[in-house]
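In the numbering used here, the protein residues as written are 35 to 757.
Backbone N, C-alpha and C fix where the C-beta goes; we use that ideal spot for every residue, glycine too.
The structure under discussion appears below in the form of structure tokens.
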């Protein structure tokens, strides 16, 4: 195509000059013949026809030869380009389908592929017959530009370069109108893909002339394509808007709470959640609790579970119909919440208010929330043990980890959980129940003396350990792992005191590392003591950037700088961050709580700093049938108790009139009670042991920050002595 245009530019001036000279000679001859008398000697007369000279034949012959040669050359070039174009289309069709991305979402009208045939056919044939009309040599040039989709063509500066295959290229705004004459010849580039485009067409990186050609008109309406030079890799169903008012990084509880809060204050808001997980936002607590007690064999697929009260629910906060696709965000009349799954933000430009994804897609924003949560820690001895040991180790955090561990636990004989905290103890109890049915050996080891030894006072930790043993779990306490090797398809865990444990699989539940990968590129401050992004009282890290959930290190007005890794904190901090992103400017003063259940009969809720190294005072009473997690969910109607208590549904702090027994610190049975954690004689943490829906009372006690002479009287506020 470029060659045709170049040749014509060289030949056109010559043809025009020849035509001009010919016309001038004709005029001169006519005037001369009119003035010369009849007796002019014949020797001076032209031998040609009347009104012209013999030179005119040379000019006419030259023009005709040039036009004919140019037409033949153009036709051959077009035929060659069409063959190369057809080969290109065939090559594209044979490739593995790749996703495409288009920045604009304005639909355009489509036209039938029949126009393509007319456009292609209308050019090459009439050219050899154009010789008798030397005054009109220019029309073939635009036609040649339209028809020949050569890969080497450079389009004019005023025409956008559209990077798309023929079946998705946008129609140019000023395409020439060509009448349909006859069916297209075999050289026409009209493969089956043009009439029935595949669901995920391949995008070529070369800036072809597809935008210039009506042959590239889509068979179906397509979004308008903006001129680009890169290769788009986002699937058509996940096209990303180039700008979004509210961008939420992370797809967990905090992000969902923020999105809901933003939409509540700004009903027309457009919110985009970007998550590296393939799932929509979901709650994590059931992954280590209720899902393991489900009797549904397909629970790993449905992810639905029965709460202790018997009600069924899904771990997803909302079904897929609640969200809109990312490409609909900019066109949705009332806005909405879109989720971009399996994408990770790898770079933040805080000055330019934009981020870059792992596929090099850039998104600009007005307000941004970082709620990236954390990643599970692993033991260094396991990381150094090699790939064979790592393949037999699970770091439990996501849905895929639950599915994987469920499958593994059904096909092995022994599994060892390293860690005695909340997650390790919950998984130990859950798998222990399964061991009674399948004969699976479940081992739990940790460096403390008892379960949750870093949280519970020693006497309560020992009592909890006995409860875990009754669930079918073998406990190995005060265990420090020295090395792990794989031998004879078994894992051998060597402890520092010489003990050797053989097992088939390891679950490492040794804590969470806050995800602060964006700190460097964004210039955000990471707390050296607690980890996570340091934020101000309004959960703001920098202008237009907020942080919520596990990744936020905030200042507690009562307890100082803290970082909390619990569901309730994610809910409340995400909700407040969303409000502040819409201009609320509220400080974060909430004392978040957390809870853990060791089966349906033993559960506790906690708030503040609960550290077993602090002095503690426990007040206990005899438990009744209603003092269990199961009974608590029956009363509240939800298995996620923190969601109900953050709405202040608990009873008001009215002290019981029943007489209280003396404080108990060593007792064989701890049915229910309250444990106070003290620092400088002031309560900084409270655990409610099998006491539920009393968290607002505990929160007020910590907020007041008063020194109490008799904590037994304070315990009356929780009505633990009522039957």
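Give me the Cα-Cα distance between residue i and residue j, rounded to the nearest whole angstrom.
i           : j           : result
residue 401 : residue 359 : 20 Å
residue 618 : residue 295 : 11 Å
residue 416 : residue 509 : 20 Å
residue 32  : residue 655 : Past the boundaries of the shown model lies residue 32; the chain is included only from 35 to 757, so the question cannot be answered.
residue 392 : residue 310 : 10 Å
residue 109 : residue 273 : 40 Å
residue 548 : residue 719 : 23 Å
residue 340 : residue 319 : 13 Å
residue 544 : residue 368 : 44 Å
residue 728 : residue 523 : 50 Å
residue 535 : residue 328 : 30 Å
residue 465 : residue 447 : 12 Å
residue 527 : residue 425 : 15 Å
residue 603 : residue 521 : 43 Å
residue 726 : residue 298 : 29 Å
residue 95  : residue 101 : 10 Å
For the beta strand (DSSP E) holding residue i, just list the boundary residues, first then last.
i           : result
residue 590 : 586-590
residue 639 : 637-642
residue 718 : 716-723
residue 711 : 706-713
residue 429 : 427-429
residue 595 : 594-596
Just list the residues that DSSP pairs residue i with in beta bridges.
i           : result
residue 517 : 528
residue 370 : 304
residue 335 : Its beta-bridge partners do not exist; DSSP assigns none.
residue 347 : 339
residue 762 : As displayed, the chain neither begins before 35 nor continues past 757, which places residue 762 out of reach and without an answer.
residue 410 : 546
residue 382 : 389
residue 358 : 372
residue 536 : 526
residue 579 : 402, 576
residue 568 : 587
residue 316 : 350
residue 277 : 398
Please name the residue, chosen from the options, that lies closest to residue i on a Cα-to-Cα basis.
i           : options            : result
residue 307 : 300, 600, 279      : 279
residue 293 : 639, 635, 580      : 580
residue 575 : 606, 409, 611, 534 : 611
residue 21  : 551, 736, 630      : The structure shown does not extend to residue 21, since the chain is modelled only from 35 through 757, so no value can be given for it.
residue 627 : 535, 717, 722, 715 : 722
residue 593 : 541, 735, 477      : 735
residue 715 : 707, 657, 651      : 651
residue 482 : 490, 542, 112      : 490
residue 451 : 640, 605, 298, 525 : 525
residue 397 : 383, 712, 388, 313 : 388
residue 385 : 395, 399, 514, 478 : 399
residue 336 : 407, 313, 578      : 313
residue 639 : 755, 566, 456, 303 : 456
residue 629 : 608, 460, 713      : 460
residue 479 : 93, 351, 620, 454  : 454
Hey, quick one: how far does the alpha helix (DSSP H) through residue i stretch, first residue to last?
i           : result
residue 603 : 601-615
residue 561 : Counting along the chain, residue 561 falls outside any alpha helix (DSSP H), and DSSP gives it neither H nor E.
residue 631 : Taken as a continuous stretch (DSSP letters only), residue 631 belongs to no alpha helix (DSSP H), being part of the beta strand (DSSP E) at 627-631.
residue 27  : No answer is possible for residue 27: it lies beyond the span of the chain, which begins at 35 and ends at 757.
residue 285 : First-last for residue 285: undefined, no H or E at that position.
residue 654 : Not the alpha helix (DSSP H): residue 654 falls in the beta strand (DSSP E), residues 650-655.
residue 497 : 492-504
residue 353 : Note, residue 353: premise wrong, no alpha helix (DSSP H); not H, not E.
residue 735 : 729-738
residue 437 : 433-443
residue 423 : 421-424
Would you mind sorting residue i into buried or exposed? The rule is 16 or more other CB atoms within 10 Å of its CB.
i           : result
residue 649 : exposed
residue 743 : exposed
residue 91  : exposed
residue 730 : buried
residue 353 : exposed
residue 623 : exposed
residue 104 : buried
residue 473 : exposed
residue 315 : buried
residue 779 : Not covered by the structure: residue 779. The range shown for the chain is 35 to 757.
residue 111 : buried
If we cut at 8 Å on Cβ distances, does residue i have a partner in chain D?
i           : result
residue 107 : Judged by its chain identifiers, the structure shown contains no chain D, having just a single protein chain.
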